[in-house]
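Quick note: this note's numbering has the sequence shown finishing at residue 123, numbered continuously throughout.
Note that the Cβ used here is the ideal one computed from N, Cα and C, for glycine as well.
Comments concern the structure below.
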Amino acid sequence: MAIDTNVCYFKEDVGKNLYRKKTYYTLVIEQEVLANDKDEADKLFGECGIDHSQINHEITETKDGVETYMVDADYLESGDTEYYGKVVYDLSDPYAKEEGYVELDSSAEEIVKTPYTAGEGI
Numbered sequence: 002m003a004i005d006t007n008v009c010y011f012k013e014d015v016g017k018n019l020y021r022k023k024t025y026y027t028l029v030i031e032q033e034v035l036a037n038d039k040d041e042a043d044k045l046f047g048e049c050g051i052d053h054s055q056i057n058h059e060i061t062e063t064k065d066g067v068e069t070y071m072v073d074a075d076y077l078e079s080g081d082t083e084y085y086g087k088v089v090y091d092l093s094d095p096y097a098k099e100e101g102y103v104e105l106d107s108s109a110e111e112i113v114k115t116p117y118t119a120g121e122g123i
């Protein structure tokens, strides 16, 4: 019975054994996005995961006769979406608003917008 493998073998290899081993790695991807609120951020994160076409044999080493048979990546879990800061005008520059100079301020309060303004009923 033929065996599906990427290892090349020749008559000089008669008597050698073919071995296969799976090794599991933990891959962590930490992404950032500018969004109006957490819901929008979660939506955008959900649309931008792993490009599975990039998970291929090129991420492994091929040497000393070791060939990669298969590479895969599966979703396991996600952490919570965390607020890190807000884009604000540069407070150290009095002309920041006119010149468009902005910075990220980690101490700025996260303001969550609601679909209703003050005084509107549900």
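Under DSSP, the alpha helix (DSSP H) around residue i begins and ends at which residues?
i	result
residue 87	Careful: residue 87 lies outside any alpha helix (DSSP H), inside the beta strand (DSSP E) at 87–90.
residue 40	39–47
residue 104	Unbroken run through residue 104 is the beta strand (DSSP E), 103–106; no alpha helix (DSSP H).
residue 97	97–100
Roughly how far, in whole angstroms, is the beta-carbon of residue i from the beta-carbon of residue j, given that I think they are within contact range, below 8 Å?
i	j	result
residue 51	residue 73	About 11 Å separates the two Cβ atoms, so there is no contact after all.
residue 87	residue 106	6 Å
Where DSSP assigns a beta bridge to residue i, which residues make up the other side?
i	result
residue 64	67
Q. Between the stretch 90–104 and the stretch 39–52, do at least 3 Cβ pairs fall closer than 8 Å?
A. no
**At least 3 beta-carbon pairs within less than 8 Å: the stretch 81–96 vs the stretch 62–73** = Cβ pair count under 8 Å is below three, so no.
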